[in-house]
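Chains as they are written, first to last, in the numbering used here: chain V, 1 to 397; chain E, 1 to 215; chain R, 1 to 231.
Every residue gets a Cβ at the ideal spot worked out from N, C-alpha and C, and that includes glycine.
Predicted model only: the values in this text are computed from it and were never measured.
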Amino acid sequence: MSVPGTTPAASVTFDHVTKRYAGTGSGDRGAVEDLTLEVPAGRICVLVGPSGCGKTTSLKMVNRLIEPTSGRILIDGRDAAERDVTELRRSIGYVIQQVGLFPHQTIGENVGTVPRLLGWPEPRRRARSEELLALVGLDPATYRDRYPAQLSGGERQRVGVARALAADPPLMLMDEPFGAVDPIVRERLQNEFLRLQADLAKTILFVTHDIDEAIKLGDLVAVMETGGRLAQFGTPEEILASPASDFVARFVGADRGLKRLALSRVGDLPHRPAPTVRRGEDVAAAVARLDVPADYLLLVDDADRPIGWVPRRGLPATGEIDEGIADATSPLFDRRTTLKDALAMLIDAGVQAGIIVNERGAVAGLCAVEDITAAAGRPPVEAPPPDETPPPDEAPR
Amino acid sequence: MIRWDVIEGNLPLIAAKLGEHLALTGVAVGVGLVLSFGIVLLVRGRRRWVGPTLAVFGIIYTIPSLALLAFLVPFTRLTFLTAEIALVGYTLLILARNLLAGLDAVPADVLEAADAMGYSRVRRLWQVELPLALPLIVAGIRIATVTTIGLVMVTALIGYGGLGQVMLRGYNFRSDSLVVAGFVLTVALALVADLGLGWLGRTIAPWSRARRAGA
Amino acid sequence: MELLGDVARWFTDPANWAGSNGVPIRLVEHIAVSGLAIALGGLIALPAGLAIGHTGRGELVSTAVAGLGRAVPSYALLILFVPIFGLGFASALPALVLLAIPPILVNAVASLRDVDAEVVESGRGMGMTEWQVLRGVEIPAALPSIVAGVRTSAVQVVATATLAALVAGGGLGRYIVDGFALQRYDRLVAGALLVALLALLTERGLTALERRLARGGPTAAAGVEALGQPA
C-alpha cells in the first residue's frame, strides 16, 4: 500500500562540522572532526563505524539534540542552526534503538504524537495513525488501543517507525533502529524498511555499527573512524571495491569480494546461451544449432522449461533423446537472484553452471561460476548522478 | 462500656471536629503538594541544589511536632496558620522525595524521543514526565495524608486538634466513650485514606498493568 | 529580637540546670524512657520480624502492623493508656514501645526477604538446620537493613518521647508543655530547641553509627516507606 508523500524529501549537507567536548582532545570518544558530506534528497545515507567514531553524535547534530562546536548543517540549503529548534525537530522523523515509546499512551496516541504537537484535529490524527500502522504491517484495529508494554520488540520498533513518519517529514534520522531485536526479526524489518522506502522515497540518515546492514540498506555509505573522522564516503560498491584506507578495508571485512557479489544480480550479467534440445526433437538438429561444441545438452519441454542435462557422448547421432537419462541437478536462477546467492547454490550443488529461467519458467540462458567470479573482480559500477531519482521498478537491494 | 447516648449527645461536636480534621489535613497536603512541586521543579535543573533542599526538608521532618509548633507560636500565635505551617512542613520531605523519584524514573529513551519529536520543556513535563511519575506521586500523597491525619491531634495544644479534641474532651470529662469514639474515628479516617489512595494509585496507571498477552 | 534575648537568658540561668526540673535531669529522663522503649520494642519486633521473614508466613501481619503504625497517632495512644496505666511515663512507655515496633518489624521482614534466595538455598543444601541458616546466612546478609530499621525506630521514639509531657510525664517535652500552659515563650522556645537538637543529633549520630556497622555500604533504606513517623 503506497502512501502519497506530499512533502518532498530534503537534502542534507554537512559542512565542516566539528564537535568537541570541553576538556578532551580531538581524538577522544564522541567527538566529530571536520565532517563534510552531502546527501541528495530521497537517498538513504548510512553512517557506519566502530563505537566512538562519532556517528550518533553526527546524527544528533542534525536535529540539534547536540549542537556542533563549529561548521554548519544544511537541510535543503537552510542552516539548521538558524531555525527554531522545536519547529525543526517537529519536521524531522527520529527513530532510536530503544524506541522510546511513551508508556502511558496507547499505540495510536504514540503514533499521533507529532501531529498532536502540530495541532492537527483529532479525526485527522486518528486516520493518519491507522494509516501508518497498516503501512508498517500492524493491524490498526488490534494495535491502536494497546500499550507499549504489551508489544514485542519488533512490534515496538515498527510503531517507532510509524511514529516518525506520522507528520510526513522530509527527513528521517535513524539510530541503530534494528539493533535491539533478534536477527530474524531484524532481517524482516530491514526488508520492510526497504519496501517502505521504495514507496516513500524519504531522505534518511541511518546510523549502524554493522557493515552488512550499511551495505544492504544504504544508497550512500559514510565510513567513520574513531576520532570522528570520515574515512570514506561513497556507494556500497565503491566502498567494497576500492576501500580508501587500511581502516576501511579492515572494517569492511576480508570477505568484501563476496559482499560485493550480494550487490549484483544474475540479470546484470550477460547470459550464456544454453545448449537446449527440445523433447522429441532430433539430436542431429539440436547439435547443428550449437554455436560452440558442448559436452552436455539441456533437455527442455514444449514450453522450454528445463528437464535436465544430457551428456552428449553416448547419444545416438539421430533420433529422440530418452528423457530418463536427463540429470536435473543444476540450480535454477531468475534475473533477480543475487550473485552471492547464485554462487552459494552452485557450490552446494557442486555444478559449474546454473540455469536462468524467466517468469514463465522457460530457459533464458546459463550462469556459470566463472562468470560470477569474473564479475567479482570488475571495477565498481558508478553511482547514478545525484539529481536522478532511481527508476521505480529498480529492485531494492 | 461504650455509652452510645453520650456519643449521640456529642454528635455535633464530633461532626465539627471531623470536619476540622479533614480541613486541616486537606489544606496541609494540598499546600504541601503545591510547595514541594514548585520547589522540586526549581531545583531539578540545578542538581547541586537537590541535596541541600532535601536535607532542609529532612531536618524539618525530624524536629518533633511539639517543638515545631513551639517555634511558630511566638510569631504566628494560636492560629490555623500556625497549625498549617507545621503540618505542611511534615509533608514536604515525603512529597518532594517521591516527586523527584518519580521524575527520575522516566526512562531516558522516552525523554530523548520526546525532545527529538519537538516537545518543548514545559509540554514535555506536563504530557510526558508527570503522567509517568504519577504512581510515585500518588504513593507520596498517600503517605503524606496518612501521616498528617495522625499529626493533626498535636495541634490540640493550640486549640485545634480535630478528632483528637474529641478524645481530649473525653479524657477531661472522664468519658471513655468519647475517648474511644475519637480514637476509632481517627484510625478509621487514616485507614480509609490509606486504602482509598492506594486504590487510586493502582487505577491511575493502566499502562503499568498491561502486560504482553503472549507474542 | 526580644525573644532571642529571653531564650538566651533562660539558657544561662543556672536555676534551669539544677534540680528535678533542670535540663540534665529532663535529658536523662528523656533518653532513658526512649532507650527502654526501643529495647522492649526491639525485643518484641525483632524475633517476630525474623520469624516472619525467614518462614515467609504471616506477611499479612507485617503489612497490618505497618499500616496501623502510620494510622494511629501517638498522642491518641497516650490518652488511651492513661486510664489503664496512669499518668506520666507509666503510660508513655507502653505507647512508645508500640511506636517502636513497626519500623523494626517491617525492616526485619523486608531485609530477610531481600536476601538472595540462592544463597539461602545453598545453605540448606549444605545441611544447615533452619536455625543455622538464619544465624549464619540470613542475618549477616540482612544486618545493615535490620540496623536501619532500628535506627528509624530510635529516631522516631526519641522524637515522640517529647509528647510524654502531655500526660504529665517528664523529659524535655516538659518545657514545651509548661511553656504553652504558662504562656512563657522563653521556656517554650528553649524547650523546643533542646528537643529539636536532641532529635537531630540522634538521627545524625545513629545514621553514622549504622554506616560504620554496615562497613560503609549503603543501607537498604531507600524510598519514603523507610522514613519514620514524624513525632
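Using C-beta distances below 6 Å, list every residue in its chain close to residue i, excluding the 5 sequence neighbours before and after it, in chain order.
i               : result
G27 of chain V  : For G27 of chain V, the pLDDT reaches just 49, beneath the cut-off of 50, and the residue's location in the model is therefore unreliable, leaving the point undetermined.
G377 of chain V : none
M153 of chain E : G161 and G164
S242 of chain V : none
F233 of chain V : L37 and A222
R83 of chain V  : none
R89 of chain V  : N63
So residue i and residue j are in contact, right, with Cβ under 8 Å, and what is the actual spacing, rounded?
i               : j               : result
T57 of chain V  : E33 of chain V  : Not a contact, Cβ separation roughly 11 Å.
A294 of chain V : A362 of chain V : A294 of chain V to A362 of chain V, Cβ: 19 Å. No contact.
R144 of chain V : T106 of chain V : 7 Å
Q190 of chain V : F178 of chain V : 6 Å
A328 of chain V : I307 of chain V : 7 Å
L343 of chain V : I372 of chain V : 5 Å
L151 of chain E : Y61 of chain E  : L151 of chain E to Y61 of chain E, Cβ: 11 Å. No contact.
A201 of chain V : A9 of chain V   : 6 Å
E84 of chain E  : V27 of chain E  : 6 Å
Report yes if the C-beta distance between residue i and residue j is below 9 Å; otherwise report no.
i               : j               : result
H454 of chain V : R72 of chain V  : Examination of residue 454 of chain V is not possible in this model, given that chain V is present from 1 through 397 alone.
M174 of chain V : A162 of chain V : no
I204 of chain V : R305 of chain V : no
G170 of chain E : G159 of chain E : no
V221 of chain V : L339 of chain V : no
L218 of chain V : P236 of chain V : Residue identity differs from the one stated: residue 218 of chain V is Gly in this sequence, not Leu. Going by C-beta atoms, G218 of chain V is nearer than 9 Å to P236 of chain V.
E176 of chain V : V207 of chain V : yes
L35 of chain V  : L171 of chain V : no
N10 of chain E  : V166 of chain E : yes
Q229 of chain R : Q183 of chain R : no
W207 of chain E : P270 of chain V : no
D210 of chain V : V95 of chain V  : no
L54 of chain E  : L100 of chain E : yes
A364 of chain V : V357 of chain V : yes
L189 of chain E : I141 of chain E : no
G42 of chain R  : V150 of chain R : yes
L105 of chain R : I52 of chain R  : yes
R485 of chain V : P148 of chain V : This structure leaves residue 485 of chain V out entirely; chain V is present only between 1 and 397.
Between which residues of its own chain and residue i is the CB-CB distance below 7 Å, once the five residues before and five after are set aside?
i               : result
F57 of chain E  : L92, L93 and A96
L50 of chain R  : A108, L112 and L134
A18 of chain R  : none
D139 of chain V : none
L78 of chain R  : S91, A92, A95, L163, L166 and V167
G171 of chain R : R26, E29, H30, V33, A161, T162, A164 and A165
Residues of chain E with CB under 8 Å from residue i, in chain order?
i               : result
R70 of chain R  : I143, V146, T147, G150, A190 and D194
L117 of chain V : M117, G118, Y119 and R123
Q483 of chain V : Residue 483 of chain V falls outside the range modelled here, since chain V spans only 1 to 397, and no answer is possible.
Strictly by DSSP, which residues pair up with residue i?
i               : result
Y296 of chain V : V:P311
V46 of chain V  : V:F206 and V:V221
L173 of chain V : V:Y94 and V:L205
V12 of chain V  : V:V39 and V:I75
C367 of chain V : V:G354
Quick one: residues in its chain with C-beta nearer than 8 Å to the C-beta of residue i, no 5 flanking neighbours on either side, listed in chain order?
i               : result
Q132 of chain R : G123
A137 of chain R : In the sequence as presented, Ala is not what sits at residue 137 of chain R; that position holds Val. V115, V119, V120, G123 and M128, listed in sequence order.
R174 of chain R : N21, R26, A165 and G191
G319 of chain V : D282 and V283
Starting from residue i, find everything on chain V with Cβ-Cβ shorter than 7 Å and list it in chain order.
i               : result
V128 of chain E : F102
L103 of chain E : Those do not exist, as L103 of chain E stays about 14 Å from chain V at its closest Cβ, beyond 7 Å.
L132 of chain E : P103 and H104
Cβ closer than 8 Å: which chain V residues qualify as neighbours of residue i?
i               : result
D115 of chain E : L65 and R89
E112 of chain E : L65, I96 and G100
I want to verify the contact list: residues of chain R whose CB lies under 9 Å from the CB of residue i, in sequence order.
i               : result
G164 of chain E : P73, Y75, A76 and I79
F173 of chain E : Here the premise fails: no neighbours, minimum Cβ distance about 12 Å.
T186 of chain E : A71, V72, P73 and A76
I63 of chain E  : A159, A192, V195, A196, A199, L200, P230 and A231
What residues from chain R crowd round residue i, counting only those whose CB sits closer than 7 Å?
i               : result
L54 of chain E  : The premise fails here: L54 of chain E is roughly 11 Å from chain R at the closest Cβ pair, so nothing lies under 7 Å.
F183 of chain E : A76 and L80
What in chain E is Cβ-close to residue i, meaning under 7 Å?
i               : result
I176 of chain R : L66, A67 and A70
F11 of chain R  : Chain E residues near F11 of chain R: none, gap ~15 Å exceeds 7 Å.
Under 8 Å between beta-carbons, which chain R residues line up against residue i? List them in chain order, please.
i               : result
D176 of chain E : P83
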